[in-house]
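Numbering (the working numbering), first residue to last: 1376 to 1632.
Before any comments, here is the structure.
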Amino acid sequence: MRPAAAIVAALTIATAPAAAQTSESPQPPAFDRPGISFSTATLPRGAFAWEQGLPDFVRDDDGGRRSRLYSANTNLRLGLSDRVELQLATSAYNRLRERDGDGRRSRHGAGDTGLAVKVALPSSHKTFSWAVLGAVTAASGDRDFSNGATQYTLGTTLGYDFSERLAGALYFNLDRSDGSDTWTWSPSLSFALSDRTAVYAEAGMSRSDHASTTSVAGGGVTWMATPRVQLDASFDVGLDRNSPDLQGGLGASFYFD
């Protein structure tokens, strides 16, 4: 099935009238896209979520070289218990366009694939939540879209609800690959404009053992098209010369139980 057809099919299923969509049904937890961090919520046991970039992109102009990367990033989530979920992340299709003094080039291919476990940790405060995520990503993608080595990830998100509409989060993450460590942290604020629409602002900084520090800032918007379908748009701009000039994307997330 083509990606576009699969998304149409998911929309049809998720928006179809059914007993599972009555007011007595539990609302889906927060999706992990968009944004740098992941949510502190996990899926209920047996529930499933499909989060899809339509696409995500990175644009960078470095002197006489310009690059545009478009990625169909996919994250599949399955609830194993009320506090534990399994995730499978990949980018089945990527397209890279480059232009420099030697002309234009275009390449496409698949990205790496990772398996992760996310755990929502207990909290004694109603307004505070936190979760950890550990992942292993295999260098299974095509050469132009692969990390080139197995990557190990450990991250955590701390969330706090200031009010019914305003929430904050602080994200820390460590990636280790081929003997090199990359540390990332990101603060963010989200505000619910209505029961269906929310906006957020974020900043992020990454520091690697063998690369320059990068920093970005931006935000996005999410809209619940139905109680089970979320549409999103996001962007981050680079704050220094080592960061991509612009990154972000459009996306859709679907919830099934």
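Ideal placement from N, C-alpha and C gives every residue a C-beta, glycine not left out.
{"Item": "Contact between the region 1610-1624 and the region 1426-1441 (3+ Cβ pairs under 8 Å)", "Value": "yes"}
{"Item": "Which residues DSSP lists as bridging Pro1562, in chain order", "Value": "Leu1545"}
{"Item": "Buried or exposed (CB count within 10 angstroms, at least 16 for buried), Glu1426", "Value": "buried"}
{"Item": "C-beta contact flag for Ser1442 and Ser1466 at 8 Å", "Value": "no"}
{"Item": "Residues sharing a beta bridge with Leu1636, DSSP", "Value": "The structure shown has nothing for residue 1636, since the chain only spans 1376 to 1632."}
{"Item": "Spatial distance of Ala1424 from Tyr1468 (CA atoms)", "Value": "20 Å"}
{"Item": "Straight-line Cα distance separating Ala1524 from Ser1555", "Value": "11 Å"}
{"Item": "Distance CB(Ser1414)-CB(Tyr1546) smaller than 8 Å", "Value": "no"}
{"Item": "Segments of 3+ residues assigned as beta strand (DSSP E) that fall wholly inside the region 1437-1509", "Value": "1440-1454, 1459-1475, 1478-1484, 1488-1496"}
{"Item": "Continuous beta strand (DSSP E) stretch holding Phe1537: start and end", "Value": "Element bounds for Phe1537: n/a, residue is neither H nor E."}
{"Item": "Residue(s) in a DSSP beta bridge with Gly1594", "Value": "Ala1576, Phe1610"}
{"Item": "Contact the region 1452-1461 vs the region 1477-1486: 3+ CB pairs below 8 Å", "Value": "no"}
{"Item": "Element boundaries [beta strand (DSSP E), containing Leu1625]", "Value": "1621-1631"}
{"Item": "Rounded Cβ spacing between Val1612 and Val1591 (contact assumed at less than 8 Å)", "Value": "6 Å"}
{"Item": "Phe1353 (DSSP reduced to helix, strand or coil)", "Value": "Nothing about residue 1353 can be reported from this structure: the residues present for the chain run from 1376 to 1632 only."}
{"Item": "Ser1569 classed as buried or exposed, judged by whether at least 16 other C-beta atoms fall within 10 angstroms", "Value": "exposed"}
{"Item": "Reduced DSSP category for Phe1413 - H, G, I as helix; E, B as strand; rest coil", "Value": "coil"}
{"Item": "Alpha carbon of Phe1537 to alpha carbon of Pro1409, nearest angstrom", "Value": "21 Å"}
{"Item": "Identity of the residue in Ala1567, Arg1440, Leu1461, Thr1531 nearest Ala1506 by Cα", "Value": "Thr1531"}
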